[in-house]
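Chains as they are written, first to last, in UniProt numbering: chain A, 1 to 110; chain B, 1 to 110.
What follows is the structure, encoded as structure tokens:
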């Protein structure tokens, strides 16, 4: 997955309160799909769509253990969001640096 | 806008490479809609849809100045993403703390 596709998929996955709640729950440790579904008043097939979307974004990995599907959070994948935010901050800081250079020595700017 | 609605709107807005590029460009300073549109090989009406989505998420504010619509980035709104990520980290750290408490003194856990 290219970097921008990874970001697209991660941001789409995070744009839903149910999926964010699943990520939060998985931050406490692995859980089965049925444990994850329990707090939500939605039908299992709809819940499974959320799990599949989280899986295809790479935020969640799942594995069958007997008849139970276990889910774990992939924090590395969530780190792409931190990476993108850091990139924006570098842009802002570059701007601030240019502004202070201008204030300190306006002659240097042509 | 409730907190989870703000997050939904911000994450949807960020789930597109054109919109992320606009945010990055606005990190360098305010720009008009036509300046923002220039690097993209898409029709202006399509580009305006992106701008409107950024505006409705609160990430971008726009104002008409004569015949020109100027756009500025609202970094405060982007900070909701940092807030959400911090919340997840606190969940992970809470988990790590519980694990170390267990390792240090398993008798304390019932």
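We put the CB at the ideal spot given by N, CA and C, even for glycine. This structure is a prediction, so every number in the text was calculated from the model and none was measured.
Item	Value
Meets three-Cβ-pair contact criterion under 8 Å: the segment 81-95 of chain B and the segment 19-38 of chain A	yes
Short CB-CB distance (under 7 Å) between residue 109 of chain A and chain B	For residue 109 of chain A, the pLDDT reaches just 48, beneath the cut-off of 50, and the residue's location in the model is therefore unreliable, leaving the point undetermined.
Integer-rounded CB distance, given that residue 6 of chain A should sit under 8 Å from residue 80 of chain A	6 Å
Where residue 57 of chain B falls, given that 16 or more other Cβ within 10 Å makes a residue buried	buried
Residue 65 of chain B versus residue 4 of chain B - alpha carbon distance	33 Å
CB contact flag (residue 73 of chain B, residue 26 of chain B, <7 Å)	yes
Distance, residue 92 of chain B Cα to residue 55 of chain A Cα	19 Å
CB of residue 95 of chain B within 7 Å of CB of residue 76 of chain A, strictly	no
Coil, strand or helix - residue 72 of chain A by DSSP	strand
Cβ-based neighbour list, residue 31 of chain A, same chain, cut-off 8 Å, excluding 5 preceding and 5 following	25, 70 and 71
Span of the beta strand (DSSP E) around residue 2 of chain B	It is not in any beta strand (DSSP E) - residue 2 of chain B carries neither H nor E in the DSSP assignment.
Where residue 41 of chain A falls, given that 16 or more other Cβ within 10 Å makes a residue buried	exposed
Collapsed DSSP secondary structure at residue 61 of chain A in the structure displayed	strand
Short Cβ contact (7 Å threshold) for residue 47 of chain A with residue 15 of chain B	no
Check whether residue 51 of chain B and residue 33 of chain B have beta carbons under 7 Å apart	yes
Cβ-based burial, residue 44 of chain B [other Cβ within 10 Å; buried from 16]	exposed
Chain A contact residues for residue 15 of chain B, given Cβ-Cβ distances below 9 Å	7, 8, 9, 10, 11, 12, 13, 14 and 15
Within-7 Å CB hit, residue 28 of chain B to chain A	yes
Counterpart residues of residue 32 of chain B in DSSP-defined beta bridges	B/70
Assigned exposure category for residue 37 of chain B - 16 Cβ within 10 Å defines buried	buried
Spatial distance of residue 116 of chain B from residue 9 of chain B (CA atoms)	Residue 116 of chain B is absent from the model: chain B starts at 1 and stops at 110.
Span of the alpha helix (DSSP H) around residue 23 of chain A	17-27
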